[in-house]
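The structure appears below as structure tokens.
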Ligand SMILES: Cc1ncc(COP(=O)(O)O)c(C=O)c1O
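Numbering (my numbering), first residue to last: 1159 to 1519.
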């Protein structure tokens, strides 16, 4: 039976505060409403089609960004224009991209001749055209070709593949998202993303298509999104937020919580709840505790959250506690459903359809 109120939800559970999430979505959409640069919300942050649908409905969007083919498949029910901002290599991934391209506008990232060859082969076999962005390393040192002539050379290889359609270029300044000082974040981001914009100029000089210049995230949305030449921003975490981004003073609120039940209060200064790191990740540090004065998480074990408390705390066995995740993406990936709530009332259950690694159907 669908729970009607918070107290009926089995724990641990991921709770989405719908009004807070809607305010985040509206604030971001409003920022991009009257700018040349638009928003392409990153699905990997929540992997939940219903949230993507609401992001698109709020406006200012060119489409949705995904990190994997499985995410693109999951979001394809609510979005026609999907960028997989990642290299597509191996297994059946290129075939699946080609299949999706039959009825959707799919664009992928490439940073190698192998990537161009594999996608071109699959697209050609399926008789479809797949969009391509050349992926630039703008300093994160993850994937990506060097800005400048290397990127132009790879773009030419894309143009030479008949089943591929070069659309432009992307670069993700992931190494700069968390810089705490706003002035430094701004200066570093401008320097980094200028390489992307300058390479887009080289594409134009060489007669290569560059209608898409894509990048950016929640920490840099109003820096990269305000840079001449950028056409879309791939921010994702802003919809639900986490304590890592919460430190930056961004105009977004916490909108998701891991709810647990107190299992034990062995001493006045300690209680233990059922929401360990199998329900709330700790790769970006321990989560914060909401609405419990003086409480803090001291450890997350597999199935236990250990909290230190003031001895005067009235919390007791059976009470609910709420953790604010430090990293939203992998925490959402741990849950099959989100409980969409307003206050105490459960409005809906939203499947996290893009989570996990499943064999292709
Ligand atoms: C390619 C890419 N674009 C954009 C983002 C931005 O996401 P967020 O706004 O959640 O930081 C990420 C996050 O890791 C990413 O990998």
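Every residue, glycine too, gets a C-beta built ideally from N, C-alpha and C.
Helix, strand or coil at residue i according to DSSP, with G and I counted as helix
i            : result
residue 1381 : helix
residue 1337 : coil
residue 1244 : strand
residue 1395 : helix
residue 1424 : strand
residue 1415 : strand
residue 1429 : strand
residue 1343 : helix
residue 1390 : strand
residue 1122 : This structure cannot speak to residue 1122, because the chain is shown only from 1159 to 1519.
residue 1163 : strand
residue 1500 : strand
residue 1263 : strand
Local Cβ density within 10 Å of residue i, reported as buried at 16 or more and exposed below that
i            : result
residue 1353 : buried
residue 1221 : buried
residue 1368 : buried
residue 1470 : exposed
residue 1160 : exposed
Minimum C-alpha distance to residue i - residue among the options
i            : options                   : result
residue 1408 : 1416, 1399 and 1313       : 1399
residue 1337 : 1276, 1367, 1376 and 1203 : 1376
residue 1180 : 1234, 1363 and 1209       : 1209
residue 1340 : 1323, 1329, 1378 and 1363 : 1378
residue 1225 : 1204, 1186 and 1426       : 1204
residue 1165 : 1504, 1322, 1230 and 1364 : 1504
residue 1241 : 1402, 1248 and 1268       : 1268
residue 1217 : 1223, 1232, 1231 and 1197 : 1197
residue 1248 : 1233, 1231 and 1273       : 1273
residue 1466 : 1482, 1507, 1483 and 1423 : 1423
residue 1436 : 1262, 1355, 1277 and 1492 : 1492
residue 1271 : 1309, 1186 and 1420       : 1309
residue 1482 : 1515, 1517 and 1415       : 1415
Rounded Cβ spacing between residue i and residue j (contact assumed at less than 8 Å)
i            : j            : result
residue 1327 : residue 1358 : 6 Å
residue 1265 : residue 1325 : 6 Å
residue 1433 : residue 1452 : About 19 Å separates the two Cβ atoms, so there is no contact after all.
residue 1455 : residue 1445 : 6 Å
residue 1489 : residue 1438 : 5 Å
residue 1290 : residue 1323 : 7 Å
Answer yes if the stretch 1190-1201 comes into contact with the stretch 1445-1464, meaning at least three C-beta pairs across the two stretches below 8 Å, and no otherwise.
Per the Cβ contact rule, the stretch 1445-1464 is not in contact with the stretch 1190-1201 (fewer than 3 Cβ pairs under 8 Å).
Is there contact here, the stretch 1163-1175 with the stretch 1489-1500, by at least three beta-carbon pairs under 8 Å?
Three or more Cβ pairs drawn from the stretch 1163-1175 and the stretch 1489-1500 lie within less than 8 Å of each other, which places the two stretches in contact.
Quick check: the stretch 1310-1323 against the stretch 1339-1351, are at least 3 beta-carbon pairs closer than 8 Å?
Touching, no.
Stretch-stretch touch, CB-based, cutoff 8 Å, three pairs: the stretch 1465-1479 with the stretch 1389-1403:
Output reads no: the stretch 1389-1403 does not touch the stretch 1465-1479.
Do the stretch 1283-1291 and the stretch 1255-1274 make contact, defined as three or more Cβ pairs closer than 8 Å?
When C-beta atoms of the stretch 1283-1291 are compared with those of the stretch 1255-1274, three or more pairs fall below 8 Å, so the two segments count as touching.
With a cut-off of 8 Å, do at least 3 Cβ pairs link the stretch 1423-1431 to the stretch 1226-1244?
No contact exists between the stretch 1423-1431 and the stretch 1226-1244.
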